[in-house]
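Notes follow once the structure below has been shown.
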Amino acid sequence: MHEFHYVAGKLFCEGVSIESLVRKHGTPLYVYSQRTLASHFSKLDAALAPLDHLICYSVKANSNIAVLRALASLGSGFDVVSEGELRRVVAAGGPPKICAFAGVGKTEPEIEFALRRGIYSFNVESEPELERINRVAGRLKKAAPVAVRVNPNVDAGTHAKITTGTYETKFGIAFEQVEDVYARASELKNLRLRGLQMHIGSQLTGVKPFELAVRKVVPLVGMLAARYQLEFFSIGGGLGIVYQPALASGGADWWQKPQAKNILTPAKYAATLVPLLRPLKLRILIEPGRFIAGNAGILVTRVEYVKRTGRKNFVIVDAAMNDLIRPAFYDSYHEIVPLTRRNGPLITSDVVGPVCESGDYFAKNRPLPKVGEGECLALMSAGAYGSVMASNYNTRALASEVLVHGNKSAVVRQRQKLRDIWKDEKLPAWLK
Ligand SMILES: *Cc1c(COP(=O)(O)O)cnc(C)c1O
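Position in the sequence shown (first residue = 1) + 442 = the numbering used here.
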């Protein structure tokens, strides 16, 4: 659930009207709800209460330092995939000692930085990486805490671009090889084997793939934990959210109606997984990104033109694929609603941005209320993998981001200035 709703026909985030934010900050504009972030975190935390657990929010989903600070203040740990993300966490006041470092391509400087900062664990994706971490740790005279990422070869049944737990992907070490890898890793003097990790994919909407993977890996973790005194098992992230409500044509406010019953809630997730995990008596880490941030943010955009061709009604908006690439990248669905609720006929429309690519669209053949030039629309569920994937394609400035907390709002990222887009570019001497 989330804190975006109509009050007297106007779209609000918590206690703040979106229209008032648009007047102050313009469009395109990302708006985040702090209460939504916090309630997602707390629901998951409560569901996992029977376990010794640590939530490591996946920074790559939304790395704005205000979002990180809000989560750090609730006691969240963090899952980072680069030195940049770890530096952000530190800048936001997050403690490195509850950060895990993931990713298949950690460089030597990144490993050195994370070691000096005292991170909780490197989640290691290959044997050459184990050797590299061992070498860097030896040079720094430190013991590097590591966990191997096991690839359980379980199909998450999600989009191919966000499936990570099968042998077709680049992630982790094959289930059958993990025992031998731990044996070899235990010979490396500067490593401390601290845990085992897995992550099978993103936007999983049922508990079954998690259950299959956990059932498959638990005996292996139990055995390795006894042999090497492991302290944790990380079951990764991947909890899906509702992007598209079940009732796709029930009028202008159907998106607010009670959600489909078959969505994965923290309670369902925990009811299945906690009994499987508890007997391990290990600390359980979980790395949610989308579940925490996805429904906590929207992207607000202004209608520039409505263009009717013989076949189609195009709503051309001022946000584009450079602001939110998910539809182009993953064929993803984002709910689109007007800032002022209305009834009346729905018009089948394509909502498209101004970028010169056919892939630059937010919705195709979508029944939408009639909208006109100058009116604003909200693209829902844009809090995760939204602003973090933004680019300057077409020399378009990165959008502003605003965080709402009750009746308060604050800019947490200023709209980029156009001249800053090319400020690091230089003319070579022969062209001056
Ligand atoms: C991306 C990622 C996550 C977060 O995935 P979500 O689907 O956003 O929960 C967690 N762990 C790892 C290793 C990741 O790469």
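Cβ coordinates follow ideal geometry from the N, Cα and C atoms, glycine included.
As the structure is a prediction and not an experimental result, all values here were calculated from the model.
Given this structure, state the Cα-to-Cα distance separating residue i from residue j, to the nearest angstrom.
i      : j      : result
THR469 : ARG744 : 6 Å
SER515 : PRO721 : 30 Å
GLU777 : GLU573 : 46 Å
GLN686 : MET822 : 10 Å
LEU766 : LEU528 : 24 Å
ALA820 : ASP862 : 27 Å
ILE577 : PHE446 : Residue 577 is actually Arg in this sequence, not Ile. The alpha-carbon atoms of ARG577 and PHE446 are separated by roughly 50 Å.
LYS631 : ARG838 : 50 Å
ALA690 : LEU788 : Low per-residue confidence applies at ALA690: pLDDT is 39, beneath 50, and the placement is therefore not dependable, though the value from the model is reported in the following sentence. Rounded to whole angstroms, ALA690 to LEU788 spans 12 Å at the Cα level.
LYS865 : SER833 : 15 Å
TYR609 : GLU817 : 47 Å
GLY517 : ILE642 : 25 Å
THR605 : VAL546 : 15 Å
PRO809 : ASN836 : 29 Å
GLN858 : ALA841 : 7 Å
ALA589 : TYR624 : 9 Å
MET831 : GLU456 : 25 Å
ASP760 : SER481 : 31 Å
TRP697 : VAL449 : Legend: pLDDT at TRP697 = 46, less than 50; position of this residue unreliable, no value from coordinates given.
GLU554 : LEU666 : 27 Å
PRO551 : PHE804 : 39 Å
ALA713 : ILE615 : 28 Å
How about residue i: is its Cβ closer than 8 Å to a heavy atom in ligand 1?
i      : result
ASN565 : yes
TYR827 : yes
LYS502 : yes
LEU681 : yes
ILE767 : no
GLY519 : no
PHE733 : yes
THR478 : no
SER644 : yes
THR606 : yes
ALA489 : no
PRO708 : no
GLU799 : no
PRO730 : yes
ALA641 : For clarity, residue 641 is His in the given sequence; the question names Ala instead. Indeed, a heavy atom of ligand 1 lies less than 8 Å from the Cβ.
GLY678 : yes
ARG783 : no
GLY536 : no
ALA544 : yes
ARG530 : no
Might you give, ordered along the chain, the residues of its own chain that have their beta carbon closer than 7 Å to the beta carbon of residue i, omitting 5 neighbours on each side?
i      : result
LEU654 : VAL596
GLY664 : LEU722
GLN476 : ALA512, LEU845, VAL846 and HIS847
LEU479 : VAL509, ALA512, LEU513, ILE734, ALA735 and ALA738
LEU493 : VAL716, LEU719, ARG720 and ILE726
THR647 : GLY682, ILE705 and LEU706
Excluding sequence positions up to five away, which residues of its chain have a Cβ less than 6 Å from the Cβ of residue i?
i      : result
HIS495 : ILE726
ALA762 : GLY795, PRO796, VAL797 and ASP802
SER774 : ARG768
HIS601 : TYR772
TYR711 : VAL649
What does a CB cutoff of less than 8 Å around residue i pick up in its chain, not counting 5 residues either side in sequence?
i      : result
LEU662 : VAL592, PHE617, VAL620, GLU621 and LEU638
ARG657 : LEU718
ARG634 : ALA585, ALA586, PRO587 and VAL588
LYS452 : SER459, ILE460, GLU461, LEU781, THR782 and ARG783
PHE613 : VAL546, GLU567, ARG591, ASN593, THR606, GLY607 and HIS641
For residue i, count neighbouring C-beta atoms within 10 Å of its own C-beta (all shown protein chains included) and say buried if the count is 16 or more, exposed if not.
i      : result
LEU869 : exposed
GLN671 : exposed
LEU486 : buried
ASN504 : buried
LEU873 : exposed
THR549 : exposed
ALA491 : exposed
TYR747 : exposed
LEU741 : buried
LYS466 : exposed
SER800 : exposed
GLN645 : buried
LYS502 : buried
GLY560 : exposed
SER484 : exposed
GLY752 : exposed
Within this structure, are the beta carbons of residue i and residue j separated by less than 9 Å?
i      : j      : result
THR790 : ASN755 : yes
ARG511 : GLY536 : yes
LEU681 : PRO651 : no
GLU815 : SER829 : no
ILE683 : ARG732 : yes
PRO730 : ILE497 : yes
ALA598 : ASN565 : no
ARG636 : GLU673 : yes
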